[in-house]
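Undergrad: Please find one structure pasted underneath; my questions will follow.
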Amino acid sequence: MTARHPPLKSPALKSSAAPAFDVARIRADFPILGIEVNGKPLVYLDNAASSQMPQPVIERLARYQRTQHANIHRGVHTLSEIATGEYEAARGKLARFINASEAREVIFTSGTTESINLAMHGYGRKFIGAGDEIILTTLEHHSNIVPWQMLAEEKGATIRVVPISDAGELLIGDYEKLFSERTKFVGLSHVSNALGTVNPVKAMIAYARARGVAVLVDGAQAVPHLAVDVQDLDCDFYAFSGHKLCGPTGIGVLYGKAALLERMQPFKGGGDMILSVSFEKTTYNTIPHKFEAGTPPIAAAIGLGAAVDYLSGIGMEAIAAHEQELLEEATARLRAIAGVRLIGTAANKAAVLSFALQGVHPHDVGTLLNQEGIAVRTGHHCAQPVMRRFKVPATSRASFAFYNTLAEVELLAAGIRKVQKIFS
Amino acid sequence: MADPKSLYQEVILDHNRKPRNFGTLPDASHLAQGHNPLCGDHLSVALKVEEGKIAAIAFEGESCAICKASASMMTAQVKGRTTEESEQMIREFRDMATGKLDTAERPHHLGRLTVFAGVRDLPTRVKCAILPWHTLHAALNAAGSTSTEADQDPMHAPIGDA
Numbered sequence: 092m093t094a095r096h097p098p099l100k101s102p103a104l105k106s107s108a109a110p111a112f113d114v115a116r117i118r119a120d121f122p123i124l125g126i127e128v129n130g131k132p133l134v135y136l137d138n139a140a141s142s143q144m145p146q147p148v149i150e151r152l153a154r155y156q157r158t159q160h161a162n163i164h165r166g167v168h169t170l171s172e173i174a175t176g177e178y179e180a181a182r183g184k185l186a187r188f189i190n191a192s193e194a195r196e197v198i199f200t201s202g203t204t205e206s207i208n209l210a211m212h213g214y215g216r217k218f219i220g221a222g223d224e225i226i227l228t229t230l231e232h233h234s235n236i237v238p239w240q241m242l243a244e245e246k247g248a249t250i251r252v253v254p255i256s257d258a259g260e261l262l263i264g265d266y267e268k269l270f271s272e273r274t275k276f277v278g279l280s281h282v283s284n285a286l287g288t289v290n291p292v293k294a295m296i297a298y299a300r301a302r303g304v305a306v307l308v309d310g311a312q313a314v315p316h317l318a319v320d321v322q323d324l325d326c327d328f329y330a331f332s333g334h335k336l337c338g339p340t341g342i343g344v345l346y347g348k349a350a351l352l353e354r355m356q357p358f359k360g361g362g363d364m365i366l367s368v369s370f371e372k373t374t375y376n377t378i379p380h381k382f383e384a385g386t387p388p389i390a391a392a393i394g395l396g397a398a399v400d401y402l403s404g405i406g407m408e409a410i411a412a413h414e415q416e417l418l419e420e421a422t423a424r425l426r427a428i429a430g431v432r433l434i435g436t437a438a439n440k441a442a443v444l445s446f447a448l449q450g451v452h453p454h455d456v457g458t459l460l461n462q463e464g465i466a467v468r469t470g471h472h473c474a475q476p477v478m479r480r481f482k483v484p485a486t487s488r489a490s491f492a493f494y495n496t497l498a499e500v501e502l503l504a505a506g507i508r509k510v511q512k513i514f515s
Numbered sequence: 127m128a129d130p131k132s133l134y135q136e137v138i139l140d141h142n143r144k145p146r147n148f149g150t151l152p153d154a155s156h157l158a159q160g161h162n163p164l165c166g167d168h169l170s171v172a173l174k175v176e177e178g179k180i181a182a183i184a185f186e187g188e189s190c191a192i193c194k195a196s197a198s199m200m201t202a203q204v205k206g207r208t209t210e211e212s213e214q215m216i217r218e219f220r221d222m223a224t225g226k227l228d229t230a231e232r233p234h235h236l237g238r239l240t241v242f243a244g245v246r247d248l249p250t251r252v253k254c255a256i257l258p259w260h261t262l263h264a265a266l267n268a269a270g271s272t273s274t275e276a277d278q279d280p281m282h283a284p285i286g287d288a
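Which chain is which? The protein sequence lines are A and B, in order.
One point on numbering: in the numbering used here, the residue at position 21 of the first sequence is 112, and numbering is uninterrupted.
One point on numbering: in the numbering used here, the residue at position 72 of the second sequence is 198, and numbering is uninterrupted.
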């Protein structure tokens, strides 16, 4: 059998600045990839749920706690100044990573879900009212559905939903037809977590903004896998999570255009988001601090900054190219297995494969693959509308990251065949 | 720790392939629905109770292998038993599946159902094995429907429970 980690070089990229892709060297940065599960080497294919953390990021978190930690923004002592500097430097790194025009357009949150709830409370509750319409898509994760349902119920607004094709692609003609004079907001995922579909968000945003409609993009599954440029996309909001980006849990980002953030009302009230407080009148702080009440996840933000440094060092284009290779190989291997039905076959996909195995419930697929050390996710993936559209209660989902290998694709295929054999 | 793979041994796969008592019961006296919203398992259990005994039983629905096999073996074991004996088996199965009853050490009435003992080492699958039994309990007590996310879920003991 070939080595588990064959060195993999990506095809020559357009610029000589990007280093050649050496997946074996990259894997060596991730201690957890060396563990065994049920006596087998871990094959971690659940990256859409959460990604693993490389040693440089682990070490950055430890170094912060060892040498730099204090509460931020209000202290005049040295440690507080250092911690504040590092926290704000991390904000700058995130801004550059997504090409925001200013660092103050990056709000640190606890994750994508909180980011979306922030937009709902800060923007939605102020600017969306009775009779207004919100457009969402069938592909949305529950976190980009439920907050808008809560808003619609509170305000008496209506939600209209973009349908998808059997391949899992948004029907753009239908999207355009959903617009009316009452349309105020679009919630749109960049990449579908259940199907892997990469949506044509730039064109969809342009269509909405030409009609004066604001757009929030759920980028949780996009930012780890492709280069995101929020100015190029021209979205009003962009939300994503740190733990899907090789960073720690408990941290995420809401990007918002500065002019928009300034007009919004705060989400959480408390310390740091104010300029002055009296019982007669309280004035709010400037952005982004207006949206960062209380002590933030300082260590986690700094860790996320280190994570984007790590990813930038590899290069998002190189990462995307390697993952596309994994996707192509995995798609071909799974298609070759009779009884496997791929769910989500869009022309433009991220390296996510949802599949159904005939005669075997996803739960059983997942449990038996786990016996082989293979971690996939089974269930509705917080995307019940997608499941219903494909008439399945759940799927098994393998989702790849840049540290997965072609050998692991082989192991997944072999594992699926083994499950079939047990149930035959 | 028992080898979790043994849960997929032949008897369970057999009951999954050819579930016993699968179908409807036109003259049922008791009926309940069971549902695991987290994974989509759902089934219904129909009973005909005569003179305190389960004279007939059937189950239907869509579920994973563990759930279907558990339901199939359950119906085979409780058919002909009194409702009290069935309730006792429900308690014992639940305790076995949650690791509270060591069937090798303590007396019980589970017979071949001990093949499911290994599910205690697969916490995420315990609910699959238990759902048919929860549903049977709901049917016997005319509760109508049950969910693995209900208060009686054995995996979520009330706060303060010793």
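Glycine included, every Cβ here is placed at the ideal spot set by N, Cα and C.
(1) Relative to chain A, which residues along the segment 239 to 261 of chain B have a C-beta separation below 9 Å, given in chain order?
(2) If I measure Cβ to Cβ from Ser171 of chain A and keep anything under 6 Å in the same chain, skipping five residues before and after, which residues do I get?
(3) Counting only runs that start and end within the segment 140 to 200 of chain B, where is the beta strand (DSSP E) found for 3 or more residues in a row?
(4) Which runs of the beta strand (DSSP E) fall wholly inside the segment 163 to 218 of chain A and span at least 3 residues, in chain order?
(5) Among residues of its own chain, excluding the 5 on either side of Ile219 of chain A, which ones have a beta-carbon nearer than 8 Å to its beta-carbon?
(6) If Phe491 of chain A sits next to Leu136 of chain A, beta carbons under 8 Å apart, how far is it from one beta carbon to the other, in whole angstroms?
(7) Do you know how far the Cα of Thr250 of chain B is from the Cα of Ile180 of chain B?
(8) Just checking: is the beta-carbon of Gly166 of chain B within a distance shorter than 9 Å of some beta-carbon in chain A?
(9) In three-state DSSP terms, what is Tyr329 of chain A?
(10) For Phe514 of chain A, return the contacting residues in chain B, with the cut-off set at a CB-CB distance below 7 Å.
(11) Under 9 Å between C-beta atoms, does Asp257 of chain A make it to chain B?
(12) Check the Cβ of Thr458 of chain A against every Cβ in chain B and list those closer than 7 Å, keeping chain order.
(13) Of the residues that make up the segment 212 to 228 of chain B, which ones have a beta carbon closer than 7 Å to any beta carbon in chain A?
(14) Between which two residues does the alpha helix (DSSP H) carrying Thr209 of chain B extend?
(15) If you follow the beta strand (DSSP E) that Tyr401 of chain A is in, where does it begin and where does it stop?
(16) Flag this pair as yes or no: are the beta carbons of Val292 of chain A and Leu324 of chain A separated by less than 9 Å?
(17) Report yes if the CB atom of Arg151 of chain A is closer than 9 Å to the CB atom of Gly333 of chain A, and no otherwise.
(18) Out of curiosity, what's the CA-to-CA distance linking Tyr155 of chain A and Glu231 of chain A?
(19) Can you tell me whether DSSP reads Met127 of chain B as helix, strand or coil?
(20) Note down the Cα distance separating Ile465 of chain A from Ser487 of chain A, rounded to an integer number of angstroms.
(21) What does a CB cutoff of less than 7 Å around Ala313 of chain A pick up in its chain, not counting 5 residues either side in sequence?
(22) Closer than 9 Å, CB to CB, is Ala230 of chain B near chain A or not?
(23) Hey, could you find the ends of the beta strand (DSSP E) Val314 of chain A is sitting in?
(24) Give a yes or no on whether the minimum CB-CB distance between Leu133 of chain B and chain A is below 9 Å.
(25) Is Ile57 of chain A buried or exposed, if buried means 16 or more other CB atoms sit within 10 Å of its CB?
(26) Excluding sequence positions up to five away, which residues of its chain have a Cβ less than 6 Å from the Cβ of Tyr329 of chain A?
(27) Measuring straight from C-alpha to C-alpha, what distance separates Glu218 of chain B and Leu236 of chain B?
(28) Just to check my reading of the structure: Leu460 of chain A and Leu444 of chain A have Cβ atoms closer than 8 Å, yes? What is that Cβ distance to the nearest angstrom?
(29) Alpha carbon to alpha carbon, how far is Cys165 of chain B from Gly470 of chain A? Give it in angstroms, no decimals.
(30) Would Glu188 of chain B count as contacting chain A if we go by Cβ distances under 9 Å?
(31) Of the residues A:Pro339, A:Asp363, A:Gly278, A:Ile365, which one's Cα is nearest the Cα of Cys326 of chain A?
(32) Under 9 Å, CB to CB, which of the residues in the segment 471 to 494 of chain A have a partner in chain B?
(33) So His454 of chain A contacts chain B; which residues on that side make the cut at Cβ distance below 9 Å?
(34) Spatial neighbours of Lys217 of chain A within its chain, please: CB distance less than 6 Å, with the 5 preceding and 5 following residues excluded, ordered by chain position.
(35) For the beta strand (DSSP E) containing Phe446 of chain A, name the first residue and the last one.
(36) With Arg354 of chain A as the anchor, note down where its beta strand (DSSP E) starts and where it stops.
TA: Working from what's here:
(1) Near chain A, meaning a CB-to-CB distance below 9 Å, the residues of the segment 239 to 261 of chain B are Leu248, Thr250, Arg251, Cys254.
(2) For Ser171 of chain A, where only same-chain residues beyond five positions count, the Cβ hits under 6 Å are Ala161.
(3) You should have 156 to 162, 167 to 176, 179 to 188.
(4) 197 to 200, all fully within the segment 163 to 218 of chain A.
(5) Ile225, Leu242, Lys246, Ala248, Lys275, Phe276.
(6) About 6 Å separates the Cβ atoms of Phe491 of chain A and Leu136 of chain A, confirming a contact at the 8 Å cut-off.
(7) Distance between the alpha carbons of Ile180 of chain B and Thr250 of chain B: 31 Å.
(8) For Gly166 of chain B, the closest Cβ of chain A is nearer than 9 Å.
(9) It is a strand residue.
(10) Taking a Cβ-Cβ threshold of 7 Å, the residues of chain B close to Phe514 of chain A are Leu139, in chain order.
(11) Chain B contact via Cβ: absent.
(12) The answer, in chain order, is Leu248, Arg251.
(13) So nothing in the stretch comes that close.
(14) Element bounds for Thr209 of chain B: 209 to 223.
(15) Per DSSP, Tyr401 of chain A belongs to no beta strand (DSSP E); it is in the alpha helix (DSSP H), 389 to 405.
(16) Going by C-beta atoms, Val292 of chain A is nearer than 9 Å to Leu324 of chain A.
(17) At least 9 Å separates the beta-carbon of Arg151 of chain A from that of Gly333 of chain A.
(18) Taking the straight line joining both Cα atoms gives about 36 Å.
(19) Low local confidence applies: a pLDDT of 42 at Met127 of chain B is under 50, so the model's placement there is unreliable, and no value is given.
(20) Ile465 of chain A and Ser487 of chain A have their alpha carbons spaced roughly 12 Å apart.
(21) If we look at Ala313 of chain A and ignore the five residues flanking it on each side, its Cβ neighbours are His281, Val282, Val319.
(22) Taking CB atoms only, Ala230 of chain B has no neighbour in chain A less than 9 Å away.
(23) That residue, Val314 of chain A, is in no beta strand (DSSP E); it is neither H nor E in DSSP.
(24) Leu133 of chain B counts as touching chain A.
(25) The shown model of chain A, from 92 to 515, leaves out residue 57 of chain A, and the question about it has no answer.
(26) Hits under 6 Å: Val308, Gly310, Val321, Tyr346.
(27) Glu218 of chain B and Leu236 of chain B: Cα-Cα distance of roughly 7 Å.
(28) That belief does not hold up - the Cβ atoms of Leu460 of chain A and Leu444 of chain A are roughly 13 Å apart, past 8 Å.
(29) Each residue's CA atom was taken as its position, placing Gly470 of chain A and Cys165 of chain B some 5 Å apart.
(30) Cβ-Cβ to chain A under 9 Å: yes for Glu188 of chain B.
(31) For Cys326 of chain A, the nearest C-alpha among the options comes from A:Gly278.
(32) Only those residues of the segment 471 to 494 of chain A whose C-beta falls short of 9 Å from the nearest C-beta of chain B are listed: His471, Met478, Val483, Pro484, Ala485.
(33) Simply Cys165, Gly166, Asp167, Ser189, Cys190, Ala191, Ile192, Cys193, Thr250, Arg251, Cys254.
(34) Taken in chain order, the residues that qualify are Gln356.
(35) The continuous beta strand (DSSP E) containing Phe446 of chain A extends over residues 443 to 448.
(36) Unbroken run through Arg354 of chain A is the alpha helix (DSSP H), 349 to 354; no beta strand (DSSP E).
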